[in-house]
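Protein chains in written order, with the working numbering: chain E, 494 to 737; chain P, 494 to 737. Beta carbons are placed, not taken as given, at the ideal position from N, Cα and C, and that holds for glycine.
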DNA sequence: CGCAAGGTTGAATGATCTCAACGTTTGTGG
DNA sequence: CCACAAACGTTGAGATCATTCAACCTTGCG
């Protein structure tokens, strides 16, 4: 159920103003953004864009989580991106969108009609510059995910996923904590993100529980009991980018 | 063996001028590019950048092929990008590079020192605009590759790889033809690109030969005998973007 | 209460990997 | 010009990890 008539938030009060596509703008540039932006909300599981559809607007995620997916003809499905607050949806300069975008939770988007946004990109250098950064950051993230999909074991995939979700929640939440984290996806959705089956996801989560690395309060709420062992299980070398 | 003293090509004579990061520039902007660009060449297998190294310059591929790779600690390796002429290397706005870049063949790069290039990005809107397009196109390609890595079978992976290489060569070569194509990678490198082992790559190539879909003149030179069946074998639905 | 959706667990299967032997090509020095 | 080694590629047999198929469990809700 898409709703457009959402109370207008001032850019100055916007929770994502420091990381979104607008983050480099000056006050007069914000005035221009204020005049063209609209908010849309979607309920969990609502489609936001369908693959091949004409791309009428681009957007930043303000609140909630969206998933990007591509399917093969026979129904095999691969999630190719999970978008958290401040992440950008859409491809200015391209009329069609290449994948399905779906609300993974209730979600609020800050939307710009595509054509006015393309004009902004030409006329407001701070937008184009930030857009380059955002696209290149997404590209780096996509490449990290390629390593996961191509070379990691099922156990490493699950550990990496849990660590990544926790890191994004630490950034978004006011009070970061490892004691009350939320899995934004169903088992079958996690499977599509990691290139596994839902049964394998379930088994690997059970193993992490059994080993005392994580604890589940219910299906979606969990705690990380042993961050060090979780990180060891990811197969990555760096520190995972966590607040110590 | 890196060489810097390569004859300077005028931008006006550059083979990649219509697709590279400079493709939207006007003549006065080209003058500025001419003054700061340098050419570098590398022999096949030479490292271009190492992961973690300070990124001194960014570059466009003029001629040849480069590979981007990431490794896990235990040596598992995943190629995360294969760069053909006009593709861009580097992440302006970031001091370190996140992966290893290696010459897959003898290669010529058109290089810009990072700091002058960052200034260009701010001062020459045509550069920033084209950079957005390039980054977003790369992102789309990375997401297609995620589908391959996460959901395709070994046979589909190989077929997709061959189709992709042929498509890029059709773009680059003066006389596009399916009769004299070149595999730019060794079996082990193809394996790292597709998330397979080199033995599986070899077996699947043998199957395509046996089925009369492709023919090998030698290890690196091949013909596509049956484009339709090759495309069917990729698992993709679209037309593959080929000149009919 | 009873059903539907989501989740867990088990057993058997199978695609890909691992390990190993053998082939082929290329370049080099005698 | 040949012999040889090194690098790359192919093929086979057995092992393994993830999948498939199936049964059953849990939870929320009309």
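Query	Result
Short-range partners of chain E found in the region 604–628 of chain P, where Cβ spacing is below 8 Å	614, 615, 618, 621, 622, 624, 625, 626, 628
Residue-level contact to chain E via CB, residue 502(P), 9 Å cutoff	no
Per-residue contacts from residue 644(P) into chain E (C-beta, under 8 Å)	565, 569, 570, 571, 688
Closest Cα partner of residue 506(E) within the set 555(E), 545(E), 543(E)	555(E)
Beta-carbon contacts of residue 709(E) that lie in its chain and below 7 Å, excluding the five residues immediately before and after	702, 715
At least three beta-carbon pairs within less than 8 Å, the region 558–565 of chain E to the region 619–632 of chain P	no
Under 8 Å (Cβ pairs) to chain E, residues found in the region 581–594 of chain P	584, 585, 586, 587, 591, 592
For residue 737(E), three-class secondary structure by DSSP	Any answer about residue 737(E) is weak, because its pLDDT of 49 lies below 50 and its placement is not dependable; what the coordinates show is given next. In this structure, residue 737(E) counts as coil in the three-state DSSP scheme.
Counterpart residues of residue 604(E) in DSSP-defined beta bridges	531(E), 552(E)
Proximity winner among 670(P), 647(P), 672(P), 723(P), relative to residue 695(P) (alpha-carbon distances)	647(P)
C-beta contact flag for residue 543(P) and residue 590(P) at 9 Å	yes
Contact the region 593–609 of chain E vs the region 533–543 of chain E: 3+ CB pairs below 8 Å	yes
Chain P residues whose Cβ lies nearer than 8 Å to that of residue 636(E)	561, 563, 573, 574, 591, 592, 635
Own chain partners of residue 523(E) with C-beta closer than 8 Å, once the 5 adjacent residues on each side are dropped	504, 505, 515
Alpha-carbon spacing of residue 574(P) relative to residue 551(P), whole angstroms	16 Å
Extent of the continuous beta strand (DSSP E) run through residue 536(P)	Counting along the chain, residue 536(P) falls outside any beta strand (DSSP E), and DSSP gives it neither H nor E.
Short Cβ contact (9 Å threshold) for residue 541(E) with residue 641(E)	no
Bridge-paired residues (DSSP) for residue 716(P)	708(P)
is_contact[residue 640(E), chain P] using C-beta, thresh 9 Å	yes
Identified DSSP bridge partners for residue 562(P)	572(P), 593(P)
Any alpha helix (DSSP H) of 4 or more consecutive residues that is wholly inside the region 611–672 of chain E	618–644, 647–665
Candidates 650(E), 607(E), 676(E), 567(E): closest to residue 553(E) by CA position	607(E)
Inter-residue CB distance, residue 576(E) and residue 651(E) (contact presumed, cutoff 8 Å)	No, residue 576(E) and residue 651(E) are not in contact; Cβ-Cβ is about 20 Å, not under 8 Å.
Residues that residue 581(E) bridges to, as DSSP identifies them	553(E)
Chain E residues whose Cβ lies nearer than 8 Å to that of residue 725(P)	Residues of chain E passing the Cβ test: none, with the nearest at roughly 11 Å.
Alpha helix (DSSP H) segment containing residue 685(E), residue limits	680–687
Contact set for residue 682(P): own chain, Cβ-Cβ below 6 Å, skip 5 residues either direction	none
Residues that residue 730(E) contacts on chain P, provided the C-beta gap is smaller than 7 Å	566
Any C-beta of chain P under 9 Å from that of residue 505(E)	no
Interface residues of chain E facing residue 631(P) [CB-CB closer than 7 Å]	632
Beta-ladder partner(s) of residue 674(E), from DSSP	715(E)
Burial state of residue 707(P) (16 or more Cβ within 10 Å)	buried
C-alpha gap between residue 614(E) and residue 727(P), whole angstroms	36 Å
For residue 579(E), the nearest candidate out of 723(E), 511(E), 731(E), 637(E) (CA to CA)	511(E)
C-beta neighbour in chain P for residue 722(E), strict 9 Å	no
Same chain, Cβ closer than 8 Å to residue 617(P), neighbours up to 5 away in sequence not counted	518, 522, 525
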